[in-house]
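Residue numbers (our numbering), protein chains in the order written: chain S, 75 to 395; chain H, 320 to 575.
Each residue gets a CB set at the ideal place from its N, CA and C atoms; glycine is no exception.
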Amino acid sequence: MRKRFLLPCLLLLSVASVVLALAFGSVTIRWPELWAVINGAGGLNRSLVLNLRLPRAASAFATGGLLALAGALMQVLLRNPLADPYILGISGGAAVGALLSMLAGAGGAWLTGSAFGGALLSMLLVFTLAHGHGSWTPSRLLLTGVVCAAGWGAVISFILAISPDAQLRGMLFWLMGDLSHADDPWPGLMVLALGVVACLPLARNLNVLARGELQASALGVAIAPLRWQVYLIASLLTAVAVTLAGSVGFIGLIVPHLLRLAIGNDQRLLLPAAVLLGGSLLTVADTLARTVAAPQQLPVGVITALLGVPVFLYLLQRSHR
Amino acid sequence: MPTPLTTNDLAVSIAGKRVCRGLNLAIERGQCWGILGRNGIGKTTLLHTLAGLHAPDAGAIHLEEQPLNHLPRRHIAQSIGVLFQHSEDPFPSTVLETALIGRHPYLKAWDWESEEDRTLARQALAAVRMDGMAFRQTGTLSGGERQRLAIATLLTQDPQLLLLDEPANHLDLHHQITLLDLLVRQTRERGKALLMIGHDLNLTARYCDHVLMLFGDGETMQGKLSQILTEENLTRLYGHPIQCFAVGGKRVFVPE
Numbered sequence: 075m076r077k078r079f080l081l082p083c084l085l086l087l088s089v090a091s092v093v094l095a096l097a098f099g100s101v102t103i104r105w106p107e108l109w110a111v112i113n114g115a116g117g118l119n120r121s122l123v124l125n126l127r128l129p130r131a132a133s134a135f136a137t138g139g140l141l142a143l144a145g146a147l148m149q150v151l152l153r154n155p156l157a158d159p160y161i162l163g164i165s166g167g168a169a170v171g172a173l174l175s176m177l178a179g180a181g182g183a184w185l186t187g188s189a190f191g192g193a194l195l196s197m198l199l200v201f202t203l204a205h206g207h208g209s210w211t212p213s214r215l216l217l218t219g220v221v222c223a224a225g226w227g228a229v230i231s232f233i234l235a236i237s238p239d240a241q242l243r244g245m246l247f248w249l250m251g252d253l254s255h256a257d258d259p260w261p262g263l264m265v266l267a268l269g270v271v272a273c274l275p276l277a278r279n280l281n282v283l284a285r286g287e288l289q290a291s292a293l294g295v296a297i298a299p300l301r302w303q304v305y306l307i308a309s310l311l312t313a314v315a316v317t318l319a320g321s322v323g324f325i326g327l328i329v330p331h332l333l334r335l336a337i338g339n340d341q342r343l344l345l346p347a348a349v350l351l352g353g354s355l356l357t358v359a360d361t362l363a364r365t366v367a368a369p370q371q372l373p374v375g376v377i378t379a380l381l382g383v384p385v386f387l388y389l390l391q392r393s394h395r
Numbered sequence: 320m321p322t323p324l325t326t327n328d329l330a331v332s333i334a335g336k337r338v339c340r341g342l343n344l345a346i347e348r349g350q351c352w353g354i355l356g357r358n359g360i361g362k363t364t365l366l367h368t369l370a371g372l373h374a375p376d377a378g379a380i381h382l383e384e385q386p387l388n389h390l391p392r393r394h395i396a397q398s399i400g401v402l403f404q405h406s407e408d409p410f411p412s413t414v415l416e417t418a419l420i421g422r423h424p425y426l427k428a429w430d431w432e433s434e435e436d437r438t439l440a441r442q443a444l445a446a447v448r449m450d451g452m453a454f455r456q457t458g459t460l461s462g463g464e465r466q467r468l469a470i471a472t473l474l475t476q477d478p479q480l481l482l483l484d485e486p487a488n489h490l491d492l493h494h495q496i497t498l499l500d501l502l503v504r505q506t507r508e509r510g511k512a513l514l515m516i517g518h519d520l521n522l523t524a525r526y527c528d529h530v531l532m533l534f535g536d537g538e539t540m541q542g543k544l545s546q547i548l549t550e551e552n553l554t555r556l557y558g559h560p561i562q563c564f565a566v567g568g569k570r571v572f573v574p575e
């Protein structure tokens with residue numbers, strides 16, 4: 075029963091989170107006013123809601139959805155419930171790209187482009203190194219990714235150390251995950267939609283893959299192409315998310331976990347549910363980031379970590395009873 | 320009807336060690352084969368090779384007279400079922416969900432399991448006496464219950480050729496007998512074929528009609544159980560003196 079109502083409930087939650095994001099901010103817009111804007115009323119509220127808050131809420135939703143979906147895929151690929159979208163160093167590559175372009179004083183499309191380029195570079199590097207002579211075990215992939223991530227971390231520290239003070243604040247915000255420059259949600263939303271469409275036909279194969287590669291192979295799954303597809307999809311989703319919002323922690327780790335506790339590990343439900351829940355959570359977190367210390371804005375990554383850590387520890391405690 | 324599984328001049332090795340060479344097997348319908356050999360001699364590797372999960376060095380394997388390495392995995396999985404020595408479940412899952420993955424080879428990408436598939440899974444769980452545990456989490460099962468669940472998954476898959484890697488592992492004596500009774504009876508009555516690796520010579524003598532012995536360095540011996548399973552061969556196979564006694568009309572093997 076719980077399973078049947080899950081997706082409709084999460085859909086409602088998604089709509090509610092976006093409405094919340096439209097209503098709250100440095101100026102609170104009350105429900106009648108918001109309703110009037112939705113029905114076509116003009117004025118200052120209209121430009122505030124439609125030009126500022128809606129693109130940002132949509133970006134937050136897309137980023138959250140991308141991260142949660144990528145996290146769920148990585149966890150099955152590595153058969154490790156601790157995996158998150160960043161575990162293979164994709165965010166590190168993106169961060170190095172982004173920081174270098176900030177250091178060079180370039181912004182806008184340069185920053186986005188170099189972050190995406192860094193993510194792709196990191197993805198190819200890990201894939202090529204882990205592939206080696208054809209053997210491609212999850213532990214080898216995991217180790218390669220973790221070591222590459224550590225390497226990127228060192229490069230990031232180096233860039234931060236030599237950067238002038240004036241640019242440090244922007245860099246730190248980017249590293250912590252920040253949606254204040256995410257004003258074009260369309261690329262993210264499109265990639266998210268494509269990602270869901272690409273994953274759903276693989277979902278039952280992933281259910282079997284979760285039980286080990288030998289077992290999956292014996293039950294008719296062609297392992298090598300599946301592994302490759304999942305790695306590629308998850309990496310691209312992560313690269314787009316990191317490009318949109320920097321590295322936002324915890325969404326990709328915690329959302330699949332929450333859902334597994336509620337409905338088990340059937341990827342056919344888990345993957346679409348992760349998109350909706352991840353999107354909603356990041357939209358709410360970003361609304362908090364805009365309002366908690368208003369007029370100052372916090373990086374949304376701080377909010378997700380502050381909320382994510384206690385929730386995760388609570389769930390972990392409860393699940394052992 | 321075509322022979323379920325044949326090998327021609329099969330050579331298999333793992334980590335530079337020869338498991339078999341020039342092996343010609345013909346597993347016919349209704350036959351139960353036992354694979355015997357010392358630890359680390361390559362029994363599991365050979366079983367995986369026969370299932371298409373490990374590439375042979377040379378020779379060919381034919382599944383119902385079609386070359387195994389040209390068949391899609393999905394097609395192979397509709398004919399060959401494997402019981403592995405170890406099962407992995409890093410994520411939570413219920414007993415019924417686990418048994419249901421046996422239907423995977425028969426479902427298309429967008430299909431969900433039908434009521435018929437669920438009935439098959441429930442019947443399989445009933446056959447291993449786990450019908451009362453359908454919604455238990457697999458993480459809470461004992462070793463023996465896990466093994467019974469793995470057998471139920473195999474029954475749900477319902478393959479023509481069953482490759483069993485130590486099926487009696489973790490099972491108590493009662494379940495060893497009832498479950499092997501069930502698998503062997505199905506094999507004989509429904510014209511399937513079965514290969515099992517095991518270390519219990521008495522179970523092998525009780526259930527198998529053919530035996531394949533792996534001596535190491537590629538040397539093998541195969542044939543009817545009554546001709547092959549002798550004190551002399553077994554003593555050589557295990558490098559340990561083994562005696563055979565007749566108890567109540569059955570042959571019983573005892574190590575010295």
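Name, please, each residue of chain S whose Cβ falls closer than 7 Å to the Cβ of residue i.
| i | result |
| --- | --- |
| residue 386 (chain H) | Correct list: empty, because the minimum Cβ distance to chain S is about 17 Å. |
| residue 539 (chain H) | Those do not exist, as residue 539 (chain H) stays about 24 Å from chain S at its closest Cβ, beyond 7 Å. |
| residue 428 (chain H) | 275 |
| residue 372 (chain H) | 288, 291, 292 |
| residue 410 (chain H) | 155, 284, 334, 339 |
| residue 401 (chain H) | 292 |
Express the C-alpha separation of residue j and residue i in angstroms, rounding to a whole number.
| i | j | result |
| --- | --- | --- |
| residue 395 (chain S) | residue 460 (chain H) | For residue 395 (chain S), the predicted model reports a pLDDT of 48, less than 50, meaning its position is unreliable and no value from the coordinates is stated. |
| residue 197 (chain S) | residue 180 (chain S) | 24 Å |
| residue 443 (chain H) | residue 418 (chain H) | 8 Å |
| residue 268 (chain S) | residue 123 (chain S) | 27 Å |
| residue 251 (chain S) | residue 300 (chain S) | 31 Å |
| residue 89 (chain S) | residue 114 (chain S) | 19 Å |
| residue 244 (chain S) | residue 189 (chain S) | 14 Å |
| residue 248 (chain S) | residue 337 (chain S) | 34 Å |
| residue 426 (chain H) | residue 331 (chain S) | 27 Å |
| residue 240 (chain S) | residue 389 (chain S) | 41 Å |
| residue 81 (chain S) | residue 346 (chain S) | 8 Å |
| residue 539 (chain H) | residue 339 (chain H) | 6 Å |
| residue 296 (chain S) | residue 528 (chain H) | 34 Å |
| residue 379 (chain S) | residue 337 (chain H) | 54 Å |
| residue 215 (chain S) | residue 225 (chain S) | 15 Å |
| residue 185 (chain S) | residue 383 (chain S) | 30 Å |
| residue 331 (chain H) | residue 327 (chain S) | 42 Å |
| residue 388 (chain H) | residue 371 (chain H) | 7 Å |
| residue 532 (chain H) | residue 321 (chain S) | 57 Å |
| residue 312 (chain S) | residue 138 (chain S) | 10 Å |
| residue 101 (chain S) | residue 439 (chain H) | 60 Å |
| residue 105 (chain S) | residue 85 (chain S) | 20 Å |
| residue 110 (chain S) | residue 259 (chain S) | 24 Å |
| residue 572 (chain H) | residue 499 (chain H) | 19 Å |
| residue 306 (chain S) | residue 200 (chain S) | 11 Å |
Please report the Cβ distance between residue i and residue j, rounded to the nearest whole angstrom; I am assuming they are in contact, meaning their Cβ atoms lie under 8 Å.
| i | j | result |
| --- | --- | --- |
| residue 511 (chain H) | residue 348 (chain H) | 7 Å |
| residue 413 (chain H) | residue 453 (chain H) | 7 Å |
| residue 140 (chain S) | residue 315 (chain S) | 4 Å |
| residue 308 (chain S) | residue 147 (chain S) | 4 Å |
| residue 253 (chain S) | residue 130 (chain S) | 6 Å |
| residue 285 (chain S) | residue 416 (chain H) | Between residue 416 (chain H) and residue 285 (chain S) the Cβ distance is about 10 Å, and since that is not below 8 Å, they are no contact. |
Could you check whether residue j and residue i sit closer than 8 Å to each other, using their CB atoms as the reference points?
| i | j | result |
| --- | --- | --- |
| residue 478 (chain H) | residue 380 (chain H) | no |
| residue 374 (chain H) | residue 292 (chain S) | no |
| residue 421 (chain H) | residue 472 (chain H) | yes |
| residue 319 (chain S) | residue 256 (chain S) | yes |
| residue 329 (chain S) | residue 362 (chain S) | no |
| residue 96 (chain S) | residue 358 (chain S) | no |
| residue 342 (chain H) | residue 355 (chain H) | no |
| residue 378 (chain H) | residue 326 (chain H) | yes |
List, in chain order, every chain S residue whose beta-carbon is nearer than 8 Å to that of residue i.
| i | result |
| --- | --- |
| residue 407 (chain H) | 153, 285, 286, 289 |
| residue 389 (chain H) | Residues of chain S passing the Cβ test: none, with the nearest at roughly 13 Å. |
Tell me whether residue i counts as near the ligand GTP, meaning its Cβ is closer than 7 Å to at least one heavy atom of that ligand.
| i | result |
| --- | --- |
| residue 410 (chain H) | The ligand content of the structure shown is nil, which means the ligand GTP is not present either. |
Which chain H residues sit within Cβ distance under 9 Å of residue i?
| i | result |
| --- | --- |
| residue 214 (chain S) | The premise fails here: residue 214 (chain S) is roughly 17 Å from chain H at the closest Cβ pair, so nothing lies under 9 Å. |
Counting only Cβ pairs nearer than 7 Å, list the residues of chain H close to residue i.
| i | result |
| --- | --- |
| residue 113 (chain S) | Simply none; closest approach about 39 Å. |
| residue 295 (chain S) | 392 |
Check the Cβ of residue i against every Cβ in chain S and list those closer than 9 Å, keeping chain order.
| i | result |
| --- | --- |
| residue 416 (chain H) | 281, 338, 339, 340 |
Can you list the alpha helix (DSSP H) stretches of 4 or more residues lying completely in the segment 193-234 of chain S, in chain order? none
3-residue-minimum beta strand (DSSP E) runs that sit fully inside the segment 325-408 of chain H, ordered along the chain: As far as the segment 325-408 of chain H is concerned, its whole beta strand (DSSP E) runs of at least 3 residues are 336-342, 351-356, 377-382, 399-402.
Could you run through the segment 474-498 of chain H and flag, in chain order, every residue whose CB is less than 9 Å away from some CB of chain A? Any reference to chain A falls outside this structure, whose protein chains are S and H.
In chain order, each beta strand (DSSP E) run of at least 3 residues that lies wholly inside the segment 468-534 of chain H: 480-484, 512-516
Which runs of the beta strand (DSSP E) spanning at least 3 residues fall entirely within the segment 87-117 of chain S, listed in chain order? none
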